[in-house]
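A short worksheet on the structure shown next.
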Amino acid sequence: MTTSDSRSARDVVEELIRRQQAGDDTVLDDLVASDMVNHAAGPQGREGLRTILRTIEVDLGPTELEQHHLLGEGDLVAQHVTLHGTHRASTMPLLVGTPVSGRPAGWAFIHIWRVADGILVEHWACRDDMGLLEQLRPS
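65 is the number of the first residue of the sequence shown in my numbering; add one for each residue after it.
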């Protein structure tokens, strides 16, 4: 399946990652629906995703994304990634109460994105939260 602008769903997710890695602050405005449904919980829509990403940058930034796999079928794209960063704060709900360690950490995710008309309209995620917490646990 391709979007109305002839890009595949996978092309849209590849553009999202490429532009995020380049520091493009307009990428969410261009590629995420204002009312995107985030089945992974947390804030909804484009602004919700922006809030989540900013919080991650506060707590673990600066971050780098390592993409392991990107699979697309129809309007769905599965993405296996590891987010690498350094524990600098504990403001996200997962880390509240965790003493700041200053340690480098990797946080693994599997995202599933649904694309319609060239924009991301739904998102699901599976995160290795326990793996992240284990890396940040005081020695």
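From the three backbone atoms N, C-alpha and C, an ideal C-beta is built for every residue, glycine too.
Every value quoted in this text rests on a predicted model; they were computed, and no experiment measured them.
Annotation note: the stretch 67-118 contains the following uninterrupted alpha helix (DSSP H) runs of length 4 or greater, listed N- to C-terminal: 73-85, 91-95. With respect to the 7 Å criterion, I183 and L95 are classified as neighbours on the basis of their beta carbons.
If you look at G136, you'll find it in the beta strand (DSSP E) that goes 128-137. With a threshold of 16 other beta carbon atoms within 10 Å, V179 meets it and is buried. Taking each of G106, V122, L129 in turn and checking the Cα distance to A86, the smallest one comes out for L129. Separation of G166 and H151 (C-alpha to C-alpha, rounded to the nearest whole angstrom) is 5 Å. The three-state secondary structure of G170, taken from DSSP, is strand. The shortest C-alpha to C-alpha distance from E121 to any of T155, H187, I174 is the one to T155.
Per DSSP, L196 is not a residue of any beta strand (DSSP E); the alpha helix (DSSP H) it occupies stretches across 193-200. Bounds of the beta strand (DSSP E) holding V145 are 140-150.
Non-local C-beta neighbours of D139 in its own chain, meaning closer than 7 Å and more than five positions away in sequence, comprise M65, A73, R178, V179, A180, ordered along the chain. If you draw a straight line from the Cα of R110 to the Cα of M100, it is about 6 Å long.
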